[in-house]
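Have a look at the structure below, then the notes.
Residue numbers (this note's numbering), protein chains in the order written: chain G, 467 to 735; chain A, 467 to 735.
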């Protein structure tokens, strides 16, 4: 799951991006975080005078020049503020999925970040094969948060998606009240051929809305879980006639949201 | 990249699907291919009398019952023809990408198959870091074809996407004449904010059309490659404001094509 835009592989035509925690000021000098300095100096092999893109805590984007290298510390100067198109989706989409085997959640977080996901919420479902307990809960959250940060840098996002700690199913139901729209992707609905639900849901989105979408793990959602979600105001959607794997379904949804809100000239959502 | 719908993980509510090479006849007995028999008997641990879905060479779908197990040979009887919604996209989308490191092409083929890809064409580009030569060309094709078959079974496709042998760039240009629409995903266009191109292209698709879309590898396409593609009638498209990785971009395109042609009630394309 590493970053793979090394100098050889990028063709050199797109500047590397990093996030900084402070608010940027033109002319100011900033130190990169330890991981980012390692990436810039060791992986990218940057030299003094080379330029990168920095995004500050207010989602401002700057062109910055590598000013000084002292051991593992990289200091850059902010030399120009870049005013461009936002790379953030106009609706805030939180992807909630059950726990999966192997590195599937790593992929969902990496690809979801590329596709504009606002936040990721791992959840406990009845048919999960995998369980997280004790220290594993925070360890997994930290790992996924690191993947989200690196993917946000590579895809030139203006913010890092938040990775939540593991939520129990009850906590998901309680949390849902805070979202403008709550969706659940449910395969049984797909069989009934009710594909218009997704299109209807997407056209109800307005800029600034928050969306929570729940996906099953490999085992799918139980009827009981779907019933409880519906009682809490979740709408069921389908994601096409083919059976998508648990790690593919969220990427399909995010791509459709991007298409409708960013690619069709529909300005409002 | 294995199949992971084991009995525990599926919740048991969706029948396993396999392809057979012959044309199916109600009541007929068929033997599963060796790999599929292994999967059904060893991984799924199926017993005589259990049912699966079989898709024949004419894309006909049957409910079939496991009739006999003899060592590694599984014989099934076709007991009902299932008339349902097609799981094939109405446009035939061939995804052509440069060669990538690690198992990225495995992922593109697996996920692309889930999302309805018609065929996959690995191509040689100037900035590829990876080269396939000699025996590796057919070995990689065979590996990717196997992944496509397994993904087609899991996603309940009615056909297995064809994986082509490696094409040189000149061969891609020559092959393009056979497609109704030729597209190239090009990052430089994204910077110019010309996102309407994708929407325009998708709305030109009509049922039965064939589409070839070329994607770069990690290094992206060179200006020279893009020029040559344009001279051969390729239209440039963008895939949203974020920088997508080489393995994510084709999945975004396929999701958008599915959305427009399968989910919006637009019957014709």
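Each residue gets a CB set at the ideal place from its N, CA and C atoms; glycine is no exception.
Reduced DSSP secondary structure (H/G/I, E/B, other) of residue i
i, result
"residue 721 of chain A", "helix"
"residue 652 of chain G", "coil"
"residue 560 of chain A", "strand"
"residue 589 of chain A", "strand"
"residue 477 of chain A", "Because residue 477 of chain A carries a pLDDT of 42, less than 50, the predicted location of this residue cannot be relied on, and the following value inherits that uncertainty. DSSP places residue 477 of chain A in coil when its eight states are reduced to three."
"residue 684 of chain G", "coil"
"residue 498 of chain A", "coil"
"residue 626 of chain G", "coil"
"residue 584 of chain A", "coil"
"residue 633 of chain A", "strand"
"residue 536 of chain A", "strand"
"residue 603 of chain G", "helix"
"residue 548 of chain G", "strand"
"residue 472 of chain A", "For residue 472 of chain A, the pLDDT reaches just 41, beneath the cut-off of 50, and the residue's location in the model is therefore unreliable, leaving the point undetermined."
"residue 463 of chain A", "In this structure chain A extends from 467 to 735, so residue 463 of chain A is not present and cannot be described."
"residue 707 of chain A", "coil"
"residue 596 of chain A", "coil"
"residue 492 of chain G", "coil"
"residue 733 of chain A", "Per-residue confidence for residue 733 of chain A stands at a pLDDT of 45, beneath the threshold of 50, marking its modelled position as unreliable; no derived number is given."
"residue 690 of chain G", "helix"
"residue 508 of chain G", "helix"
Residue i versus residue j: straight-line alpha-carbon distance, rounded
i, j, result
"residue 729 of chain G", "residue 662 of chain A", "6 Å"
"residue 604 of chain A", "residue 623 of chain G", "39 Å"
"residue 600 of chain A", "residue 653 of chain G", "44 Å"
"residue 516 of chain A", "residue 557 of chain A", "35 Å"
"residue 619 of chain A", "residue 502 of chain G", "42 Å"
"residue 698 of chain G", "residue 639 of chain G", "7 Å"
"residue 513 of chain A", "residue 608 of chain G", "43 Å"
"residue 636 of chain A", "residue 646 of chain G", "51 Å"
"residue 481 of chain G", "residue 621 of chain G", "11 Å"
"residue 709 of chain A", "residue 536 of chain A", "53 Å"
"residue 440 of chain G", "residue 672 of chain A", "Residue 440 of chain G lies beyond the stretch modelled for chain G, which goes from 467 to 735, so this question has no answer here."
"residue 576 of chain G", "residue 613 of chain G", "6 Å"
"residue 474 of chain G", "residue 498 of chain G", "Only weak support exists for where residue 474 of chain G lies, its pLDDT of 36 falling under 50; the value from the coordinates is given anyway. Cα to Cα, residue 474 of chain G sits roughly 23 Å from residue 498 of chain G."
"residue 610 of chain G", "residue 724 of chain A", "29 Å"
"residue 677 of chain A", "residue 700 of chain A", "10 Å"
"residue 726 of chain G", "residue 681 of chain A", "22 Å"
"residue 589 of chain A", "residue 634 of chain G", "46 Å"
"residue 507 of chain G", "residue 566 of chain A", "24 Å"
"residue 470 of chain A", "residue 666 of chain G", "With a pLDDT of 48 at residue 470 of chain A, under the threshold of 50, the predicted position of this residue should be treated as unreliable, and no value is reported."
"residue 486 of chain A", "residue 598 of chain G", "40 Å"
"residue 551 of chain A", "residue 500 of chain G", "53 Å"
"residue 644 of chain A", "residue 615 of chain A", "24 Å"
"residue 504 of chain A", "residue 510 of chain A", "9 Å"
Beta-ladder partner(s) of residue i, from DSSP
i, result
"residue 531 of chain A", "A:517, A:543"
"residue 669 of chain A", "DSSP lists no partner for residue 669 of chain A."
"residue 678 of chain G", "G:560, G:648"
"residue 487 of chain G", "Per DSSP, none; premise fails for residue 487 of chain G."
"residue 701 of chain A", "A:649"
How about the stretch 678-690 of chain A and the stretch 593-608 of chain A: do they share at least three Cβ pairs that are nearer than 8 Å?
Yes, the stretch 678-690 of chain A touches the stretch 593-608 of chain A.
Contact set between the stretch 579-596 of chain A and chain G, restricted to residues whose Cβ is under 8 Å from the partner:
Here the close residues are 580, 581, 582, 593, 595.
Mind listing which residues of the stretch 597-627 of chain G have their C-beta closer than 8 Å to chain A's C-betas, in chain order?
Going along the stretch 597-627 of chain G in chain order, one finds 620, 621, 622, 623 with a Cβ nearer than 8 Å to chain A.
If you measure beta-carbon to beta-carbon, which residues of the stretch 689-709 of chain G are closer than 7 Å to chain A?
Hits within the stretch, in order: 706, 707, 708, 709.
State whether the stretch 717-725 of chain G contacts the stretch 708-722 of chain A, with contact taken as three or more CB pairs (one from each stretch) at a distance under 8 Å.
Touching, yes.
Any contact between the stretch 577-589 of chain G and the stretch 559-567 of chain G? By contact I mean 3 or more CB pairs, one from each, below 8 Å.
In this structure the stretch 577-589 of chain G touches the stretch 559-567 of chain G; the number of beta carbon pairs closer than 8 Å is three or more.
Near-chain A residues of the stretch 708-723 of chain G - C-beta to any C-beta below 7 Å
Only those residues of the stretch 708-723 of chain G whose C-beta falls short of 7 Å from the nearest C-beta of chain A are listed: 708, 709, 710, 711, 714, 717, 718, 721, 722.
contact_flag[the stretch 490-498 of chain A, the stretch 525-534 of chain A] where n(CB pairs < 8 Å) is 3 or more
Taking 8 Å as the limit for Cβ pairs, the verdict is that the stretch 525-534 of chain A does touch the stretch 490-498 of chain A.
Is it true that the stretch 565-572 of chain A meets the stretch 541-553 of chain A, where meeting means three or more beta-carbon pairs spaced less than 8 Å apart?
Cβ pair count under 8 Å is below three, so no.
What are the residues in the stretch 659-675 of chain G lying within 8 Å of chain A by C-beta distance?
Residues passing the 8 Å Cβ filter: 659, 661, 662, 664, 665.
Within the chosen definition, does the stretch 634-653 of chain G reach the stretch 695-709 of chain G through at least 3 CB pairs nearer than 8 Å?
A contact is defined here as three or more CB-CB pairs under 8 Å, and the stretch 634-653 of chain G meets this definition with respect to the stretch 695-709 of chain G.
Name, going along the chain, the residues of the stretch 540-555 of chain A whose beta-carbon falls closer than 8 Å to a beta-carbon of chain G.
The residues in question are 551, 552, 553.
Closer than 7 Å between beta carbons: that is the criterion. Which residues of the stretch 507-534 of chain G meet it against chain A?
Answer in chain order: no residues at all.
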